[in-house]
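Heads up: the structure comes next, in structure tokens.
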Amino acid sequence: MSGHSTYEPKSGFERWLDVRLPIVRLMNDTIVTFPTPKNLNYWFTFGGILALVLGLQIVTGIVLAMHYVPNADMAFASVERIMRDVNYGWLIRYMHSNGASMFFLAVYLHMFRGLYYGSYKAPREVLWILGCTIYLVMIITAFMGYVLPWGQMSFHGAVVITNLVGSLPIVGGPITTWLWGGFAVDNATLNRFFSLHYLLPFVIAGLVILHIWALHVTGNNNPTGVNVKSENDTVPFHPYYTVKDGFAIGVFLLLYMSFVFYNPNALGDPVNYVPANPLVTPAHIVPEWYLLPFYAILRAVPDKLGGVILMFGAIAVLFLLPWLDTSKVRSMRYRPTARLYFFIFVFVSLVLGYCGGQLPDGQVIPGLSGLVLLDADINSFVWLSRVATLYYFAYFLIILPMLGLTETPLPVPESISDPVLSHPASTPVGAMAAPEKRG
Amino acid sequence: MASTVVGESPDPHAPGEDPNRRDFIHIAVVAAAAGAAVGIGWPLVNQMNPAGDTLALASIEFDLSKVAAGQQVVLKWRGKPLFVRNRTPAEIAKAVATPLGDLPDPQTDDARHKPGKPEWLVLIGTCTHLGCVPTFGGGDYGGWFCPCHGSHYDTSGRIRKGPAPKNLEVPTYAFLSDTKVKIG
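These protein sequence lines are chains A and B, in that order. Per my numbering: the first sequence = residues 203 to 641. Per my numbering: the second sequence = residues 140 to 323.
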């Protein structure tokens, strides 16, 4: 999409088409000849995996919509009909429900990759912000999709999340009623969630096209974080990364299908197989695993509005990251101090996820009754969530801005090829191949 | 900035301080388009508000003689649970004895029930935190306990502990007779 195109139409038809709609040229420049850094590792394969999962979610979703009935009285039964009576309905629904989990698994790995290698830094800020927007729309889509089976967890999850809006002063109440289309989560709510759940994946697909466009303007980041200096630093996307991404997709599909075929309900909540009942709330409401860290942040704050603000703030802060990280060095390979804080951040995110699945008053260390601080025992998940929430925000708002100014990074290689060529194991070959690069 | 040279024949299309005919057409078109956008935008937004049949949901009547002392019945009203609780004298005494200073959302017990009917508590059964249905008799204060995020309500339905900001809401209702109430 950018730079010089090397596409040469091969047949008469291709020449004819190329001057009318250069779509073959676009495809060729995007996924065949696109110059890609030659040192990308497997952490860089999740973009391709995500594109595939999005495609699978859209295809399985369209099929499910052929059989699903978006009506509060019939939704639950129609899902059971898909599972029991529709030909291969069980397969398609399990692919869709587990596909959502796999989508989030891949997107989190993709995001941690970006955080580690500094892929959000100039000139890739817009690329990063588009990615954050995709993630935000994914969350909304996944939430609305989870409501559709109209089980107990669907229903009460929808009640809790729509009530978050109600915490806004003055406008909160009217907006909640507007979202519901009534005075409670009911048939009107289910209908509109179905409509939007069908729409938003196509919005995501549009954002993905912009995301890839922005990627192809700046080019890929790479594990060294060093800019591509010459053609020697790149290889064409095909066959080098079509094959690498293809292998990664194969491994990823093994994991995905092992859930679909051998443990399709492992990631879901059994309570959602109970039809929705507005009069009884399940004993323990939890979102799906991929939203648990944000749920933990919500519950960590004793104030309703404050909790909602922090929960959305946890996502909003990602959008500001390109301007919060002050370091000029992209890759954390060359930032040992930042790397340590990054690994703590990953660990803290997992801790938040774990806390989100536990009862707030539950004891972290069983049987140990500690000091009561403010409103809860120190040895409780609510306090663990608070400490973890503090670190989560400190990482973005204090640690990254400060570290860039105070740390001493390791020497950054001059080019992508340099660390390979100067590696002791490759000295003879390197010396022969690129004598000009030897000091 | 008018750059008209003195003596030059005035250009009817030149941008000037006074709106000329072309400016007028621009302004008129943009204004009409903006008006049309708002005109179609509002119906598109407002269609999501409660529909006529939803608004017309009738009020309900309930026979209190079904509820024994110390019990609670849960009704469905406007899609939401409604608690009708017959309080025991001990529960009432406990609620009355609570000092207002202990309450995050101060309200006397008298303000929570109809005059002369302290045993009958009619409340909307959704937690004021995030809308879950609190469980009867649970929590540290013997009223209700919300399992979602740990809000404790007392025997008057007032918030005592946890993240909920307000007391359980009292709907509009009236006694038709000693044993019959009309809610809504």
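From the three backbone atoms N, C-alpha and C, an ideal C-beta is built for every residue, glycine too.
**Asked** Within the 9 Å Cβ cut-off, does LYS215 (chain B) reach chain A?
**Response** True, the Cβ-Cβ gap to chain A drops below 9 Å.
**Asked** Closest by CA to GLY263 (chain A), which one among A:THR247, A:ASP275, A:ILE284?
**Response** Answer by Cα proximity: A:ILE284.
**Partners in chain A for GLY289 (chain B), counting only beta-carbon separations shorter than 7 Å** = Within 7 Å Cβ-Cβ: PRO562, ASP563.
**Prompt:** Using a C-beta cutoff of 9 Å, does MET140 (chain B) count as contacting chain A?
**Reply:** Caution is warranted here: a pLDDT of 46 is assigned to MET140 (chain B), below 50, making its placement in the model unreliable, and the coordinate value is therefore given only provisionally. Chain A contact via Cβ: absent.
**Beta-carbon proximity of ILE294 (chain A) to VAL255 (chain A), cut-off 9 Å** = Going by C-beta atoms, ILE294 (chain A) is not nearer than 9 Å to VAL255 (chain A).
**Asked** Could you give the distance in angstroms between the alpha-carbon of PRO325 (chain A) and the alpha-carbon of ASN429 (chain A)?
**Response** Their backbone Cα atoms lie some 10 Å apart in a straight line.
**Message:** For GLY384 (chain A) and GLY301 (chain A), what's the separation of their Cα atoms in angstroms?
**Reply:** Answer to the nearest angstrom: the Cα atoms are 32 Å apart.
**Prompt:** Short check: CB of ALA234 (chain B) to CB of ASP279 (chain B), under 9 Å?
**Reply:** 9 Å or more divides the Cβ of ALA234 (chain B) from the Cβ of ASP279 (chain B).
**Message:** Only counting the same chain, and skipping five residues up and downstream in sequence, which positions put a Cβ closer than 6 Å to that of LEU512 (chain A)?
**Reply:** ILE499, VAL503, listed in sequence order.
**Request:** Have a look at ALA518 (chain A) and PRO304 (chain B) and give me their C-alpha separation to the nearest angstrom.
**Result:** Between ALA518 (chain A) and PRO304 (chain B), the C-alpha separation is close to 25 Å.
**Request:** Return the chain-ordered list of same chain residues with a C-beta closer than 7 Å to the C-beta of VAL225 (chain B), the five sequence neighbours on each side being excluded.
**Result:** Note on identity: in this sequence residue 225 (chain B) is Asn, with Val being the wrong assignment. For ASN225 (chain B), where only same-chain residues beyond five positions count, the Cβ hits under 7 Å are VAL206, ALA207, ALA208, GLY209, GLN210, GLU258, TRP259.
**Asked** Which residues, taken in chain order from the segment 456-489 of chain A, show a beta carbon closer than 7 Å to some beta carbon of chain B?
**Response** Within the segment 456-489 of chain A, the residues whose Cβ lies closer than 7 Å to some Cβ of chain B are PRO480, LEU481, VAL482, THR483, ALA485, HIS486, ILE487, listed in chain order.
**Request:** Just confirm the distance between the C-beta atoms of LEU269 (chain B) and VAL362 (chain A), as a whole number of angstroms; I'd bet it's less than 8 Å.
**Result:** Yes, LEU269 (chain B) and VAL362 (chain A) are in contact; Cβ-Cβ is about 4 Å, under 8 Å.
**Message:** Bridge partners for ASN185 (chain B) per DSSP, in chain order?
**Reply:** In DSSP, ASN185 (chain B) forms no bridge with anything.
**Message:** Just checking: is the beta-carbon of ARG588 (chain A) within a distance shorter than 9 Å of some beta-carbon in chain B?
**Reply:** The beta-carbon of ARG588 (chain A) is placed no less than 9 Å from the nearest beta-carbon of chain B.
**Message:** Using a Cβ-Cβ cutoff of 9 Å, what residues of the segment 265-284 of chain B are near chain A? List them in chain order.
**Reply:** For the segment 265-284 of chain B, the beta-carbon criterion of a distance under 9 Å to any beta-carbon of chain A is satisfied by THR265, CYS266, THR267, HIS268, LEU269, GLY270, CYS271, VAL272, PRO273, THR274.
**Message:** Does any residue of chain B have a CB that is nearer than 9 Å to the CB of PHE306 (chain A)?
**Reply:** Nearest CB-CB separation between PHE306 (chain A) and chain B: not below the 9 Å threshold.
**Asked** So which residues of chain A does ALA190 (chain B) contact, with C-beta pairs closer than 9 Å?
**Response** Those are GLY383, GLY384, ALA390, listed as they occur along chain A.
**Message:** Please give the ranges of any beta strand (DSSP E) in the segment 199-236 of chain B, keeping only runs that are unbroken, at least 3 residues long and fully inside the region.
**Reply:** The segment 199-236 of chain B contains, as complete beta strand (DSSP E) runs of 3+ residues, the segments 199-202, 211-216, 219-225 (chain order).
**Item:** Coarse secondary structure for ARG129 (chain B), derived from DSSP in three states
**Value:** Residue 129 (chain B) falls outside the range modelled here, since chain B spans only 140 to 323, and no answer is possible.
**Message:** Whether or not the segment 462-481 of chain A and the segment 550-568 of chain A are in contact is what I'm after, with contact meaning three or more pairs of Cβ atoms, one per stretch, closer than 8 Å; do they touch?
**Reply:** Pairwise C-beta distances place the segment 550-568 of chain A out of contact with the segment 462-481 of chain A, as fewer than three of them are shorter than 8 Å.
**Message:** For ILE263 (chain B) and PHE275 (chain B), what's the separation of their Cα atoms in angstroms?
**Reply:** In a straight line, the C-alpha of ILE263 (chain B) is about 13 Å away from that of PHE275 (chain B).
**Prompt:** Taking only beta-carbon atoms, is PRO504 (chain A) less than 9 Å away from chain B?
**Reply:** The C-beta of PRO504 (chain A) comes closer than 9 Å to at least one C-beta of chain B.
**Request:** Establish whether the CB of THR364 (chain A) and some CB of chain B are separated by less than 9 Å.
**Result:** With 9 Å as the cut-off, THR364 (chain A) counts as an interface residue toward chain B.
**Message:** Let me see if you follow: with CB-CB separation under 9 Å, is PRO182 (chain B) close to chain A or not?
**Reply:** No, its Cβ sits nowhere closer than 9 Å to a Cβ of chain A.
**Message:** Considering only their Cβ atoms, is the gap separating HIS399 (chain A) from VAL234 (chain A) smaller than 9 Å?
**Reply:** Inclusion of VAL234 (chain A) and HIS399 (chain A) in the CB contact set at 9 Å is not warranted, their separation being larger than that value.
**Asked** Tell me the DSSP bridge mates of PHE314 (chain B)?
**Response** Bridge partners of PHE314 (chain B): B:VAL320.
**Asked** Looking at the structure shown, is LEU623 (chain A) part of a helix, part of a strand, or coil, going by DSSP?
**Response** Reduced to three states, the DSSP call for LEU623 (chain A) is helix.
**Item:** Contact belief for ILE251 (chain A) with MET340 (chain A) at Cβ below 8 Å, rounded distance in angstroms
**Value:** That pair is no contact at about 14 Å.
**Message:** Is there a C-beta anywhere in chain A that falls below 9 Å from the one on GLY218 (chain B)?
**Reply:** Yes, GLY218 (chain B) lies at the interface with chain A (some Cβ there is under 9 Å from its Cβ).
**Message:** For ALA390 (chain A) and ASN465 (chain A), I'd like the C-alpha separation in whole angstroms.
**Reply:** ALA390 (chain A) and ASN465 (chain A): Cα-Cα distance of roughly 33 Å.
**Request:** Just grab the DSSP bridge partners of LYS253 (chain B) for me.
**Result:** According to DSSP, which records beta bridges pairwise, LYS253 (chain B) is partnered with nothing at all.
**Request:** Using 10 angstroms around the beta-carbon of ASN243 (chain A), count the other beta-carbons present and answer buried if the total reaches 16, otherwise exposed.
**Result:** Answer is exposed; the Cβ neighbour count stays below 16.
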